[in-house]
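Below is one structure, written out as structure tokens, with a few remarks after it.
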Amino acid sequence: MAKIACIDIGTVTVRLGIFSTDTTPIVFEQRRSTICDLGKGFTDTGSLTPEAIARVLRCIDDYLVIMKDTQVEYATCILTAAARESSNVEPLISGLEQRGLIGQVIGGKTEGSLTFFGVCQDFMDDRILAVDNGGGSTELAVGRYTFDEEAGYRTQPVVTTNACHRVPMVERIMSLSIGCRRVSDRFGIYTDTTAAGAPKPECVQRAREYAHKQFSYAVDEEGILWLEPKHVIACGGTPTSLVAMKKQLVPYDPSQVHLHELTLDDIEELICRMSTMSLAELETWPGLQSKRASVIFSGAIILAELIRSMKFNSIIVSEHDLLTGLALCAAADYRNDFIPLPWKPGLASLHL
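Using UniProt numbering, the letters of the sequence shown map in sequence onto residues 1 to 352.
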């Protein structure tokens, strides 16, 4: 068996997960998360800045050292919203190739499916709405973790062979171009010119109206709730950070975050407290990474309006996410098992 590294290059954060293919269910032996803010400024220009690309590649160099020390043999690397919408992603892809990695820019529906694969492992009996609230986009995926015969798949090895031949079945999926970095930049919330004071109420209101309109469209026009999911399961830096802020987790403890329920009232209370704070004050909030402070307020607004539009009262926060789903697919690809997606992870053989 082999050790595989999964790398997720997001609009705000670059993440690493390392696991062994002889361990089921998959457990990450190491996880790293680094805020590189690849999408900073992207909303205004449609391009990635050279500084942002350099930040990401420096982070990848650090991750490669970790991968060498832990004897990783294969790696898969995906890029999401900022990369897929930018006009100049080539220098970043080239930099990854020079480091022996295959940088795959994935579409929103693939991103949502991978998120669902990771989230659904904890909800075998219920139809759920999985939400990935990211920096550049938000993915909504409704589905179930069900038996492969019920899903109509042919019987063969599946992505989770230890779970009675269950497969993640995505029944409805959407990707919306709304994320915490994008909203922060668009509405001037904690940008370079507004960081000295608290967010302006008129900017906050416009951000709320924009987010609510986006999610109302998903409900009314695209029918994201037609299948009546029982729970909303949210993952990503915003919901996990909000739990950590609520509990003032120092240091961060994933076990205190995973499957924690956040009510709409919880989120609105956090928004109310943040609305009076400057960026410098927000950076000192116990449980919040200081580098995430510039986007957490917008992320909380997005999450609150999503819950309100979906007519739920709360969400369940999951530590299992896109990275988990990517690992499941990478392990299946390594074993030549079935992946319920018209996509395969690009596994690069490393010589570190």
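Even glycine gets a Cβ: it sits at the ideal position worked out from N, Cα and C.
These figures come from a predicted structure and were not determined experimentally.
Taking the continuous alpha helix (DSSP H) assigned at residue i, which residues delimit it?
| i | result |
| --- | --- |
| E202 | 201-220 |
| V56 | 50-69 |
| Y334 | 322-334 |
| A300 | 293-310 |
| I267 | 264-274 |
| P91 | 90-98 |
| K3 | Unbroken run through K3 is the beta strand (DSSP E), 3-9; no alpha helix (DSSP H). |
| A198 | First-last for A198: undefined, no H or E at that position. |
| S184 | 180-186 |
| T45 | 42-45 |
| E281 | 279-282 |
For residue i, count the other beta carbons within 10 Å of its own beta carbon; 16 or more makes it buried, fewer makes it exposed. Which is it?
| i | result |
| --- | --- |
| residue 426 | Any answer about residue 426 is impossible in this case: the structure gives the chain only from 1 up to 352. |
| A280 | exposed |
| V232 | buried |
| R335 | exposed |
| C180 | buried |
| S86 | buried |
| L16 | buried |
| L322 | buried |
| residue 353 | With the chain represented from 1 up to 352, any question about residue 353 goes unanswered, as that position is not in the structure. |
| A332 | buried |
| H351 | exposed |
| A330 | buried |
| G46 | exposed |
| residue 354 | The question about residue 354 has no answer here: the residues shown for the chain are numbered 1 through 352. |
| D220 | exposed |
| V250 | exposed |
| P229 | buried |
| A196 | exposed |
| T240 | buried |
| R144 | buried |
| L242 | buried |
| S184 | buried |
| P168 | buried |
| T110 | buried |
| V158 | Note that V158 scores a pLDDT of 44, beneath 50, so its modelled location is shaky; the value from the coordinates is reported in the next line. Per the 10 Å Cβ criterion, buried. |
| Q104 | buried |
| F117 | buried |
| R58 | exposed |
| D8 | buried |
What are the start and end residues of the beta strand (DSSP E) that includes residue i?
| i | result |
| --- | --- |
| V14 | 13-20 |
| M174 | 166-176 |
| T76 | 74-79 |
| V232 | 231-235 |
| T34 | 30-35 |
| Q248 | No beta strand (DSSP E) holds Q248; DSSP gives it neither H nor E. |
| S290 | Segment: none, S290 is in no beta strand (DSSP E) and carries neither H nor E. |
| S314 | 314-317 |
| G103 | 103-105 |
Starting from the Cα of residue i, find the closest Cα among the options and give me that residue.
| i | options | result |
| --- | --- | --- |
| Q214 | I178, R182, A130 | I178 |
| T34 | S20, D61, P25, P50 | D61 |
| residue 358 | N133, A198, S318 | Nothing about residue 358 can be reported from this structure: the residues present for the chain run from 1 to 352 only. |
| G95 | T80, Q248, R55, R31 | R55 |
| R32 | M67, Q248, I189, I267 | M67 |
| residue 355 | V12, D125, V14, T23 | With the chain represented from 1 up to 352, any question about residue 355 goes unanswered, as that position is not in the structure. |
| T21 | E73, P201, T13, I296 | E73 |
| V12 | Y252, G236, G188, L306 | G236 |
| Q248 | Q289, D337, G325 | Q289 |
| Q30 | C6, D37, G41, C36 | C6 |
| I53 | S349, Y63, V142, E90 | E90 |
| D37 | K291, T324, F312 | K291 |
| residue 361 | V317, V119, P340, L64 | Only positions 1 to 352 of the chain appear in the structure, and residue 361 is not among them; the question remains open. |
My understanding is that residue i touches residue j, with C-beta atoms under 8 Å, so please give their C-beta distance in whole angstroms.
| i | j | result |
| --- | --- | --- |
| P342 | T76 | Contact doesn't hold; Cβ gap of about 17 Å is too wide. |
| G287 | G135 | Incorrect: roughly 19 Å between the Cβ atoms, too far for contact. |
| A304 | M274 | Rounded, the Cβ-Cβ distance is 12 Å, inconsistent with contact. |
| G39 | A82 | 4 Å |
| A327 | F19 | 5 Å |
| I102 | M174 | The Cβ separation is near 27 Å, so there is no contact. |
| T138 | L176 | 5 Å |
| D132 | G112 | 7 Å |
| P254 | E319 | 5 Å |
| S216 | S314 | In fact, because the Cβ distance is near 19 Å, the residues do not count as touching under 8 Å. |
| I271 | A211 | Their Cβ separation, rounded to whole angstroms, is 12 Å, which puts I271 and A211 out of contact at 8 Å. |
| F187 | R206 | 5 Å |
| residue 361 | P25 | Here the chain comprises residues numbered 1 to 352, so residue 361 is not present and cannot be evaluated. |
| L129 | L140 | 6 Å |
| R166 | T43 | In fact, because the Cβ distance is near 40 Å, the residues do not count as touching under 8 Å. |
Quick check: is the beta carbon of residue i nearer than 7 Å to any beta carbon in chain D?
| i | result |
| --- | --- |
| I301 | Judged by its chain identifiers, the structure shown contains no chain D, having just a single protein chain. |
Exercise. Identify every run of the beta strand (DSSP E) within the segment 111-148, keeping only runs that are complete inside it and at least 3 residues long; order them along the chain.
Key: Scanning the segment 111-148 for uninterrupted beta strand (DSSP E) segments of 3 residues or longer gives 128-133, 138-147, listed from N- to C-terminal end.
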